[in-house]
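Peer 1:
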Amino acid sequence: MSTIRPTFEKKEFALSSSPYVYLPVDIPVYAVEVAHREEIDGGLLQKALDRTLKRMPYLADSLTVDHGAVYYAKNPLPMKVAHHRGLRSVGGSETNYHLLDVTWDGNQTWFSMFHGFCDGQGINMFLESVLYHYYCMKDGTEYEGNGIRTDATRETEAETVDPYASQYSVSPDFAMPDRKNQPEFYHLPEIVPNPSGETLEYGFRLPSEEFMRFVKENGTSPSVMFSMLVGEAILRVHPDAEGQIAANLPISIRRALGCEETFKNCSSRIILPVSGTPMDALPFAQRAAQLRAVLKQQMNPDIFRSIYNMLGEMHLRRMEEATDYEEELKKPATFYTISHDTFYIDYIGAMHKTAYSGQITDVRFLCKPAAGRTLHVNIIDHDGQFRLAMLACNDVTPLADAFEQVMRDHGLSASRTPMRKFTLPLTCWREGLIRKQ
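Take a look at the structure:
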């Protein structure tokens, strides 16, 4: 492990990193915890990591700063798996300045990242590749990849495309929806900052087949239905809520931009008003279908292409004009203070199904609620169950209780898991950077 930060060879501008690398504060790591049926073999896990990085060498890159601009940079230092219970702070000397990390203990593995390096889909590519190679070696079988990026395939340029580096074609008759007169969103009074950095997790389990049948019966989609159920729970706790209760749904927009293979940040968000509109008067199924239509309207590719054209020019101009990193950090960071509406639903979906999937018993996504003030719900589909995690920086037991009751009132076989707590380490990717400028 290096104790003095080396000078890494810079590569391209880290345009997709801009919302994260110019924040005035360090942000917590984003992590995935995976539980396995058997105890982990640390030596095999390291070999699996090595195979992954040989296939995707860009995942071993770091970030560096030159005259205030941030670049991806080649990092020749080894990425080492650590026998450590939980997460390490990525980006600094502890992880050889790598922005991804793998740790293990007993039958658990943890994969962590700096969100300025890649996004949730990027870390999924990473962890699924590592686990694929691990199980191939452990079981002595070269399993079918089934969509996983493995060393049976070759690296392509499409895997490292920065979605902000291109200008996208937009339909000539397209007009961006008017967002000047945004309604007043309801904000939960019980959501307050927690200086300790601790996050509380209220977990639920829901049979996937049963829930998907319920979704189809109501003519909608899983993310819309989950948003509606959370909205109902909020109204039970706050029946006099004023303003719209709105869900913020982060989505990958790789397909809309034609960069399906990239590991870099490529996302946008949908705002879904689940209460406080004329749709409230509709029967449940009709409202579910209408909300799905609202979601589809916001999925117009021209919206995302227009936004990325504007943001790409802005990020590139900032990089080209940057002269001093410390001065850049003093500029307003609107991303850090953005309103995430009433609650935030991250519908993560499922890992690729493989012949060894049964050896993976649980998957948890660990993240800090947005800006430390927002109710956050992660949803993962794994092993025939939706795993829902309601995250907050303080006690929101009444909301969790109401959410559980709402699901049962709709005839869903929801079960509750014990409340858990976790604290995420801060990333330290700037370790030594400012001093060296």
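Take the position in the sequence shown, starting the count at 1, then add 2; the result is the number in my numbering. Yeah, the Cβ is synthetic: ideal placement off N, Cα and C, and Gly gets one too.
1) Any idea what DSSP makes of H38, helix, strand or coil?
2) Can you pull the DSSP bridge partners for N380?
3) Going by DSSP in three states, D153 sits in which element: helix, strand or coil?
4) Between the stretch 381-392 and the stretch 197-207, can you find at least three pairs of beta-carbon atoms closer than 8 Å?
5) Do three or more CB pairs link the stretch 126-136 to the stretch 32-48 at distances below 8 Å?
6) Are Y24 and L435 close, meaning C-beta to C-beta below 8 Å?
7) Grouping DSSP H, G and I as helix and E and B as strand, with all else coil, what is A283?
8) Please go through the same chain and pick out, in chain order, the residues whose beta-carbon is closer than 6 Å to the beta-carbon of S308, but skip the five residues on each side of it.
9) Mind checking which residues open and close the alpha helix (DSSP H) that includes E54?
10) For G205, which beta-bridge partners are listed by DSSP?
11) Could you give the C-beta distance for A249 and F128, rounded to a whole number, given that I count them as a contact under 8 Å?
12) Mapping the DSSP letters down to three states, classify Y170 as helix, strand or coil.
13) Could you pull out every residue in the same chain whose Cβ sits closer than 6 Å to the Cβ of P275, ignoring the five residues on either side in sequence?
14) For the alpha helix (DSSP H) that contains D68, what are its first and last residues?
15) So, are the CB atoms of L284 and S223 less than 8 Å apart?
16) Which two residues bound the contiguous alpha helix (DSSP H) that contains A404?
17) Kindly indicate if chain B contains any beta-carbon less than 8 Å away from that of C430.
18) By alpha-carbon positions, which one of G233, G199, R53 and T376 ends up nearest to F405?
19) Could you tell me which residues DSSP pairs with V31 in its beta bridges?
20) So, for L231: in the same chain, excluding its five sequence neighbours on each side, which residues have a beta-carbon less than 8 Å away from its beta-carbon?
21) Is the beta carbon of H384 less than 8 Å from the beta carbon of A416?
22) For T162, which option in H86, T264, G260 and S210 has the closest C-alpha, if you only look at C-alpha atoms?
23) Any chance the stretch 26-36 sits against the stretch 363-373, with 3 or more Cβ pairs inside 8 Å?
24) Please go through the same chain and pick out, in chain order, the residues whose beta-carbon is closer than 7 Å to the beta-carbon of V217, but skip the five residues on each side of it.
25) Take the Cβ of R39 as the centre, count every other Cβ of all protein chains shown within 10 Å, and call the residue buried at 16 or more, exposed below.
26) Can you say whether N220 is buried or exposed, counting buried as having 16 or more other CB atoms within 10 angstroms of its CB?
27) Are the stretch 315-330 and the stretch 182-192 touching by the rule of at least three beta carbon pairs closer than 8 Å?
28) Does DSSP put I193 in a helix, in a strand, or in coil?
29) Thinking C-beta only, is D103 closer than 8 Å to S114?
30) Return the CA-CA distance between Q123 and S254, expressed in angstroms with no decimal places.
31) Quick one: what's got a C-beta closer than 6 Å to P26's C-beta in the same chain, skipping five residues either side?
32) To which residues of the same chain is F119 closer than 6 Å at the C-beta, ignoring the five residues directly before and after it?
33) Could you work out which residue in R53, G142 and L79 is closest to Y358 when comparing CA atoms only?
34) Among residues of its own chain, excluding the 5 on either side of S210, which ones have a beta-carbon nearer than 8 Å to its beta-carbon?
35) Near F306, which residues of its chain fall below 7 Å by C-beta distance, leaving aside the five closest residues on each side in sequence?
36) Considering only their Cβ atoms, is the gap separating F15 from M321 smaller than 8 Å?
Peer 2: Reading from the atomic positions:
1) Here H38 carries a strand assignment [DSSP, helix/strand/coil].
2) Residue pairing from DSSP places N380 in a beta bridge opposite D348 and A391.
3) coil
4) yes
5) yes
6) no
7) helix
8) Closer than 6 Å at Cβ, skipping near neighbours: V172 and M178.
9) In the sequence as presented, Glu is not what sits at residue 54; that position holds Thr. First-last of the alpha helix (DSSP H) with T54: G44 to R57.
10) A391 and T419
11) Between F128 and A249 the Cβ distance is about 28 Å, and since that is not below 8 Å, they are no contact.
12) coil
13) Q246 and A248
14) First-last for D68: S64 to D68, but that is the beta strand (DSSP E), not the alpha helix (DSSP H).
15) no
16) T399 to D411
17) In the structure shown, chain B cannot be found, because there is only a single protein chain.
18) G233
19) Looking at the DSSP assignment, V31 forms no beta bridge with any residue, so it has no partner.
20) F405, V408, M409 and H412
21) no
22) T264
23) yes
24) S223, P224 and M227
25) exposed
26) That one is buried.
27) Three or more beta-carbon pairs separated by less than 8 Å are not found between the stretch 315-330 and the stretch 182-192, which leaves the two stretches without contact.
28) If DSSP states are grouped into helix, strand and coil, I193 belongs with coil.
29) yes
30) 8 Å
31) L331 and A335
32) L101
33) With distances taken between Cα atoms, Y358 lies closest to G142.
34) D383, G386, Q387 and F388
35) I255, A258, L259 and S270
36) yes
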